[in-house]
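Below is one structure; the comments refer to it alone.
Rendered as C-alpha cells:
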C-alpha cells in the first residue's frame with residue numbers, strides 16, 4: 030500500500046531534510062526495488078548533505094496536487110559514476126494538499142498576448158509577474174483585462190541552474206485595480222493555466238519549494 034501511494038518514478042525530484050538542519054536538500058530518485066529506494070547525493074546550493082548508515086532523514090515528494098512526506102533511514106552508501114544512497118521505505122506517509130494553496134510571491138518578467146484573429150500572430154507585451162502557483166500566475170498590467178479573456182502567457186523559471194521556458198494557454202479569472210493613475214492604472218490580473226502538463230506542474234512546484242526554502246518560508 031505504501032509503495033503504491035509513493036508512485037515512484039526514476040529521476041523524480043525530491044527534498045531531503047536531516048534532523049537539526051533547516052535546509053531542504055534537492056535530490057532525485059535514481060532507482061528502487063522492493064526493499065530500498067536509491068537517491069542521488071542531496072545538495073543545497075551545491076553543498077552536499079553528509080549522510081551515514083543509520084541516519085534518520087525526512088523525505089518530501091512533490092506532485093501537482095500534493096506533497097508526500099515521510100521519515101526514512103539511510104541503509105547504504107555506494108559510489109560508481111554517481112553517489113547512490115539507499116534509504117528505507119516508510120511505515121507511514123503524511124499527505125499534504127498543495128496545488129490550491131502553495132503560491133510564491135515573486136517579481137518575475139513575463140509576457141502575455143491576447144488570442145489573435147485567425148491567421149494572425151500573437152502580439153506579446155512584457156509585464157511583471159507578482160506571484161505564481163502550479164495552477165496560475167498573477168500579472169501586473171497597465172491594461173484592464175476582462176474576466177474570461179483567453180491569454181497566452183510566457184515566462185522562464187530558473188530551476189536547478191537551468192532556465193525552463195513556459196508558454197501556456199490561460200484564462201483570466203480575476204482583475205483588481207491596484208493603483209489609480211488615470212490612463213496608467215495598475216491592475217493585478219490573475220490567470221489560470223489551461224493546458225499545463227504534469228511535467229510543467231512539477232517544475233513550477235519545484236521552483237516554488239526551491240525559492241520558499243531560500244526565503245526561509
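Residue numbers (the working numbering): 30 to 246.
Glycine included, C-beta positions come from ideal geometry on N, C-alpha and C.
Check, Outcome
"Going by alpha carbons, who is nearest to residue 105 out of 131, 120, 66, 157?", "66"
"Taking the continuous beta strand (DSSP E) assigned at residue 31, which residues delimit it?", "Unbroken run through residue 31 is the alpha helix (DSSP H), 31 to 35; no beta strand (DSSP E)."
"Helix, strand or coil for residue 208? Go by DSSP, reduced to three states.", "strand"
"Count the C-beta pairs between the segment 177 to 188 and the segment 130 to 149 that are closer than 8 Å, then say yes if the count reaches three, no if not.", "yes"
"What first and last residue would you give for the beta strand (DSSP E) that runs through residue 152?", "From DSSP, residue 152 is part of no beta strand (DSSP E); its letter is neither H nor E."
"Can you tell which of 176, 204, 80, 35 has the C-alpha that lies nearest to the C-alpha of residue 48?", "80"
"Give me whichever residues DSSP pairs with residue 56 in a beta bridge.", "43"
"Whose C-beta lies closer than 7 Å to the C-beta of residue 91 among residues of the same chain, with five residues either side of it excluded?", "42, 231, 234, 235, 238"
"Which of the three DSSP states, helix, strand or coil, is assigned to residue 118?", "coil"
"Please give me, in chain order, every unbroken run of the beta strand (DSSP E) with length at least 3 that falls completely inside the segment 161 to 185.", "165 to 170"
"Going by CA-CA distance only, name the one from 110, 132, 85, 125 that's closest to residue 118.", "85"
"Just the Cα atoms here: how many angstroms apart are residue 225 and residue 167?", "16 Å"
"Classify residue 31 as buried or exposed, calling it buried when 16 or more other Cβ atoms lie within 10 Å of its own Cβ.", "exposed"
"Do residue 114 and residue 103 come within 8 Å of each other at the CB atom, strictly closer than that value?", "yes"
"Note the first and the last residue of the continuous beta strand (DSSP E) segment covering residue 217.", "215 to 222"
"Less than 7 Å between C-beta atoms, sequence neighbours within five positions excluded: which residues of the same chain meet that for residue 215?", "169, 171, 207, 208"
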